[in-house]
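Written out below as C-alpha cells is the structure these notes cover.
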Amino acid sequence: MNGGIAMLIAAVTVATIVAVILIGRQGPHSKSLGPQFSYEVDRYRHTDPSLVKYQETGSIQTPYETVHGICVGSDDSIYTIGDRKLTKHSPDGSEVFTASLDATPTCITISDGERIAIGFRNHIELFSAKGKREKSWTKAGVKSHFTSIATSPSAVYVADAGKRSVGVYDWSGNLLQEIDGKGVDDDARGFVIPSPYFDVAMGKEGLVWIINPGRHRVESYTTDGQFELSWGKTAMKVDGFSGCCNPVHLAVLPDGDFVTSEKGLNRIKTFAADGSFRDVVAGSEAFGPAENADDIDIAVDSKGRILALDPWKRTIRIFERTTAPSR
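Numbering (our numbering), first residue to last: 257 to 583.
Given below as C-alpha cells:
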C-alpha cells in the first residue's frame with residue numbers, strides 16, 4: 257500500500273475513534289465538538305433499517321427535569337427516579353404516586369418481592385412498593401460512587417464505579433464480599449471504568465452480569481464471585497461497542513437475551529444469550545442531538561417490551577418487537 261494512503265487511513269481512523277471517545281464523555285449540556293469531528297462520526301449514526309426489529313409503540317411523560325433511572329416490577333409497574341423523586345406508573349402509563357427523596361438518586365431496582373432499592377452516591381435506601389422508606393444503609397466511604405443495583409432473594413449487588421467493584425450485600429446492608437474482576441484473562445486491571453458508568457444485572461440461572469465498560473464487554477459471575485464467561489467486542493460497527501466506555505446499561509429479556517444501551521453513539525441493541533448480536537431496538541437517529549450525548553437507562557417488562565428512559569424528552573419510551581427473533 258502507498259505510504260501516503262496508509263498514513264491518511266490511519267489518521268482518519270484515529271480521528272474517528274477520538275471523536276467517539278470525546279462524544280461519549282459529554283453530557284446533555286456539553287458544547288459541540290465541532291464539524292471536524294461530526295463528519296467522521298456521522299456515518300456511524302445511520303442505522304441499516306433491515307437491522308431494526310422493534311418499533312416505538314408509546315411513551316410516558318415523567319415529572320422530572322433530569323432523569324436518573326428506571327426499573328419494572330413483577331406486575332409490570334414502572335418505577336423511575338429523577339431530580340429528588342421516585343415515581344410509580346401503572347403498566348398503562350397512569351401515574352400512581354410520586355414520592356420525595358432526601359438526595360439525588362443515581363440508580364434503582366425492585367426485587368421479586370416488590371421491595372425497591374434506590375442507590376445514592378454512597379448509600380442505599382429501601383422502600384416499599386408504595387414508596388414508603390423502610391431502611392437506610394450506612395454510608396460507604398467517600399471514594400464510592402454507586403451507579404447500578406441488582407437483587408436476588410438473599411443479596412443486593414451494588415456497582416460502585418468509584419471503587420471499580422461490585423459489592424455484594426445482605427438485605428440488612430452488611431457487605432459480604434466484593435467482585436473486582438481482577439485476574440480475568442490474566443488481566444490484573446479488573447473492571448476498567450473511565451467514567452461513572454458501571455452496570456450490573458441478574459441473569460438467568462442465578463448468574464450476575466457486570467458490564468466492563470472500558471473493555472467493551474459484559475462479564476458473568478456466580479453469586480459467590482467466580483468468573484464464568486464474557487462477551488462483547490470493540491468495534492464501531494453496530495455489532496460491537498465503541499467510545500471510552502460502552503455499553504453503559506444492561507437488561508435481561510424474559511427469554512434470557514440481553515438488551516444493551518450505549519452513550520456517544522446512542523444505540524439500543526439486543527444480543528442472544530451467548531452474546532451474539534441479534535438486532536437493533538433503536539439507533540442513534542431515534543435520540544437527542546448528536547453533539548449532546550447522554551446515557552439512556554433501560555428496563556424490560558414481562559411481555560418483552562423494552563422501556564428506554566429518554567434524557568432529552570424526559571419520557572419513558574416503549575419499544576416492541578415487530579418480528580420474532582431468529583434462533
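Glycine included, every Cβ here is placed at the ideal spot set by N, Cα and C. On a predicted model such as this, the values are computed, not experimentally measured, just so you know.
- Beta-bridge annotation (DSSP): Lys-341 is paired with Gly-338, Ser-356.
- Around the C-beta of Gly-462, fewer than 16 other C-beta atoms lie within 10 Å, and the residue is accordingly described as exposed.
- Between Gly-338 and Thr-318, the C-beta gap is smaller than 8 Å, which places the two residues in contact.
- In the structure shown, the three-state DSSP call for Leu-563 is strand.
- The beta carbons of Asn-522 and Ile-552 sit closer together than 8 Å.
- A straight-line Cα-Cα distance of about 19 Å links Ser-498 and Val-456.
- The shortest C-alpha to C-alpha distance from Ser-410 to any of Arg-371, Ser-315, Thr-354 is the one to Arg-371.
- Taking Ser-428 as reference, the option from Leu-382, Trp-465, Lys-438, Ser-400 with the minimal CA-CA separation is Leu-382.
- In the DSSP assignment, Arg-573 falls within the unbroken beta strand (DSSP E) covering 571–577.
- In this chain, the beta strand (DSSP E) harbouring Lys-525 covers 524–527.
- In its chain, beyond the 5 residues on either side, Pro-347, Asp-557, Ser-558, Lys-559 have a beta carbon closer than 8 Å to the beta carbon of Asp-332.
- Taking C-beta atoms as the reference points, Ser-367 and Thr-403 fail to come closer than 8 Å.
- Taking the Cα positions, Asn-378 is about 36 Å away from Thr-313.
- The three-state secondary structure of Leu-307, taken from DSSP, is helix.
- An exposed status is given to Leu-432, since fewer than 16 other beta-carbon atoms sit within 10 Å of its beta-carbon.
- A distance of 8 Å or more separates the beta carbons of Val-504 and Thr-303.
- With fewer than 16 other Cβ atoms inside 10 Å of its own Cβ, Leu-485 counts as exposed.
- Shortest Cα-Cα distance from Ala-555 to any of Ile-326, Cys-363, Arg-573 involves Ile-326.
- Going by DSSP, Phe-402 is part of the beta strand (DSSP E) stretching over 402–407.
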